[in-house]
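Q: Handing you a structure now.
In UniProt numbering, the protein residues as written are 1 to 313.
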């Protein structure tokens, strides 16, 4: 078994890089050694792992299976080394982060200089993502996501729950009026988030014991939440918007909250997602704790909506 560890590690780098040459450069060995090790691994296992052409390579079913396990193997080795290095609680190495695009751009990226100042020996590799993420295959140590569909076999740790407001521009309200109850939204042009894996076209409301779900429609759907806000500011329709996306639009009169005595019920938590393992790497734990501190409880961006939230029953 021990003699297979090196070729499995080399194969995993090939699969990750997408080519023998790139893997060889990253490993600091010759391309011929990489090719020989992968061929020897295929011979020993009795299966084809990589389908080769003159211009590209792709993984077979067996190759994909071994690649996923190889990533886990390398992560385990990285964690073991990190555990030894971090006996003095130092946080070092490379931290590979995946972050939901709109939330990351607005609230995580601006905070990263402070985190890196606290941990100068740590290098960050950040991917801003807006698609269904395979944490293992994309080589991530940690995913911060608001997706309702979480990867299988992962640990999901909730960090905060999103609050929502129903909003429209003064121009839209002047032309179409303000709904007095959620049911009247069927008469309005509602702006809908429509992503690859989810469409938020059923809006949920609660006031005391009164609960309703409203199927809304409109002439504008988009797979980017900030784009929904821009459309609403420009008078296109009504938007059901997470408060973390709002800056000064309400204070500046660009957007007007509606149905403020109703609670908008959309269970969308920010979650820290990482592979299940016995010991969490110090660099991952440090980042999670930093983000919790940075966001606050309740989130700092909700401070300006205290008066609105107080009206909800």
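We treat Cβ as the ideally placed atom computed from N, Cα and C, and that holds for glycine. For clarity, every value in this text was computed on a predicted model and none was experimentally measured.
When DSSP labels each residue in this structure, what does residue 335 get in the three-state scheme?
A: Shown here, the chain extends from 1 to 313; a query on residue 335 therefore has no answer.
Q: What three-state label does DSSP hand residue 106 in the structure shown?
A: Helix.
Q: Do you know offhand how far residue 89's Cα is from residue 119's?
A: Its pLDDT being 49, under 50, residue 89 is placed unreliably by the model, and nothing is read from it.
Q: Could you tell me the distance, in whole angstroms, from the CA atom of residue 165 to the CA atom of residue 258?
A: 8 angstroms
Q: Within the continuous alpha helix (DSSP H) that includes residue 114, where are the two ends?
A: 112 to 118
Q: Give me the residue from 225, 181 and 255 with the minimum Cα distance to residue 206.
A: 181
Q: Whether or not the stretch 41 to 60 and the stretch 110 to 124 are in contact is what I'm after, with contact meaning three or more pairs of Cβ atoms, one per stretch, closer than 8 angstroms; do they touch?
A: Fewer than three beta-carbon pairs drawn from the stretch 110 to 124 and the stretch 41 to 60 are found closer than 8 angstroms, and the two stretches are therefore not classed as touching.
Q: With burial defined as no fewer than 16 other Cβ atoms inside 10 Å of the residue's Cβ, what is the status of residue 141: buried or exposed?
A: buried
Q: So, do the stretch 183 to 199 and the stretch 237 to 245 have three or more beta carbon pairs nearer to each other than 8 angstroms?
A: yes
Q: For residue 180, decide whether its Cβ has a neighbour in chain C, counting only Cβ atoms nearer than 8 angstroms.
A: Looking for chain C here will not work: only one protein chain is present.
Q: Using alpha carbons as the reference points, say which of 305, 286 and 232 lies closest to residue 117.
A: 286
Q: Just grab the DSSP bridge partners of residue 190 for me.
A: 238
Q: Under the rule that 16 or more other beta-carbon atoms within 10 Å means buried, what is residue 23, buried or exposed?
A: buried
Q: Quickly, what does DSSP pair residue 272 with across the bridge? List them, please.
A: 144 and 157
Q: Would residue 4 and residue 41 qualify as a contact pair, given that the criterion is a beta-carbon distance under 8 angstroms?
A: yes
Q: Is it the case that the Cβ atoms of residue 271 and residue 159 are separated by a distance below 8 angstroms?
A: yes
Q: Under 8 angstroms between the Cβ atoms of residue 243 and residue 301?
A: Contact annotation: residue 243 and residue 301 have beta-carbon atoms nearer than 8 angstroms.
Q: When DSSP builds the beta bridges, which residues end up paired with residue 96?
A: 125
Q: Starting from residue 295, trace the alpha helix (DSSP H) in both directions and tell me its first and last residue.
A: Element bounds for residue 295: 282 to 295.
Q: For the candidate residues 312, 231 and 71, whose alpha-carbon lies nearest to that of residue 209?
A: 312
Q: Classify residue 87 as buried or exposed, calling it buried when 16 or more other Cβ atoms lie within 10 Å of its own Cβ.
A: The pLDDT assigned to residue 87 is 43, lower than 50, so where the model puts this residue is not dependable; a value taken from the coordinates is nonetheless given after this. So residue 87 ends up on the exposed side.
Q: Would you call residue 254 buried or exposed, if buried means 16 or more other Cβ atoms sit within 10 Å of its Cβ?
A: buried
Q: Please give me, in chain order, every unbroken run of the alpha helix (DSSP H) with length at least 4 that falls completely inside the UniProt domain "HTH lysR-type" (10 to 60).
A: 20 to 27 and 31 to 45
Q: Relative to the C-alpha of residue 320, which residue among 235, 100, 105 and 68 is closest?
A: Only positions 1 to 313 of the chain appear in the structure, and residue 320 is not among them; the question remains open.
Q: Taking the alpha-carbon of residue 263 as reference, which of 162, 61 and 139 has the nearest alpha-carbon?
A: Among 162, 61 and 139, the Cα nearest to that of residue 263 belongs to 162.
Q: Measure the Cβ-Cβ separation of residue 108 and residue 129 and say whether it is below 8 angstroms.
A: no
Q: Just tell me which of 167, 184, 213 and 308 has its CA closest to the CA of residue 249.
A: 167
Q: Measure the CB-CB distance between residue 314 and residue 256 and report whether it falls below 8 angstroms.
A: Because the chain in this structure spans residues 1 to 313, residue 314 falls outside the shown range and cannot be described.
Q: By the 10 Å Cβ neighbour count, where 16 or more other Cβ atoms means buried, how is residue 198 classified, buried or exposed?
A: Label assigned to residue 198: exposed.
Q: How far does the alpha helix (DSSP H) with residue 226 in it reach, from first residue to last?
A: Per DSSP, residue 226 belongs to the alpha helix (DSSP H) from 225 to 233.
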